[in-house]
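Numbering (mature numbering (1 follows the signal peptide of the UniProt record, and there is no 0)), first residue to last: -19 to -1, 1 to 156.
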């Protein structure tokens, strides 16, 4: 029994020593090789231009390799460009209710993404919880000096559906 306890303590101390922290987000703000701040031209063969909005260029990622986040399959991934550089990456999964099947608020996939991000950046710094007339939001957020990562679910109702979203982007304080 003592050996098991000693082994468990040793194992926990190893994980504590090698645990990542938020500085990893600042040092390597990347999603599968797409890095915040890199030139859009470096990945143009993986992108399809969708539209421009408020000075941002929005591209759909066409390479299916990018359509999962920690093995959670997403419907689509977008890269948002600003001044020819990657400003943000967002991956979304939409689950719509049908006449035959209502949706159930299930956070399993959110939990998987959050666990992966926690391994990279440590425990989440902020909770993203919002309830309003349109949706209920539950999720988490990490913010470093100039980058941020979000993962959340917006639940629109049992007979409507929900949206699961992961995003990695530049972070600017509003004040």
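All residues carry an ideal CB built from backbone N, CA and C; glycine is no exception.
Computed from a predicted model, the values in this text were never measured in an experiment.
Between residue 28 and residue 68, the alpha-carbon positions lie close to 14 Å from each other. A distance below 7 Å between beta-carbons, with the five flanking residues on each side excluded, links residue 127 to the following residues of its chain, in chain order: 7, 151, 152. Residue 112 counts as exposed, since fewer than 16 other C-beta atoms from the protein chains shown sit within 10 angstroms of its C-beta. By the Cβ neighbour-count rule, residue 26 is exposed, with fewer than 16 other Cβ atoms within 10 Å of its own. Three or more Cβ pairs drawn from the stretch 82 to 89 and the stretch 134 to 151 lie within less than 8 Å of each other, which places the two stretches in contact. In the DSSP assignment, residue 95 falls within the alpha helix (DSSP H) that extends over 89 to 102. For residue 125, same chain residues with a beta-carbon under 6 Å away, outside a window of 5 residues either side, are 3, 6, 7 in chain order. For residue 8, the uninterrupted alpha helix (DSSP H) run begins and ends at 4 to 8, by DSSP.
Under the three-state reduction of DSSP, residue 66 is assigned to strand.
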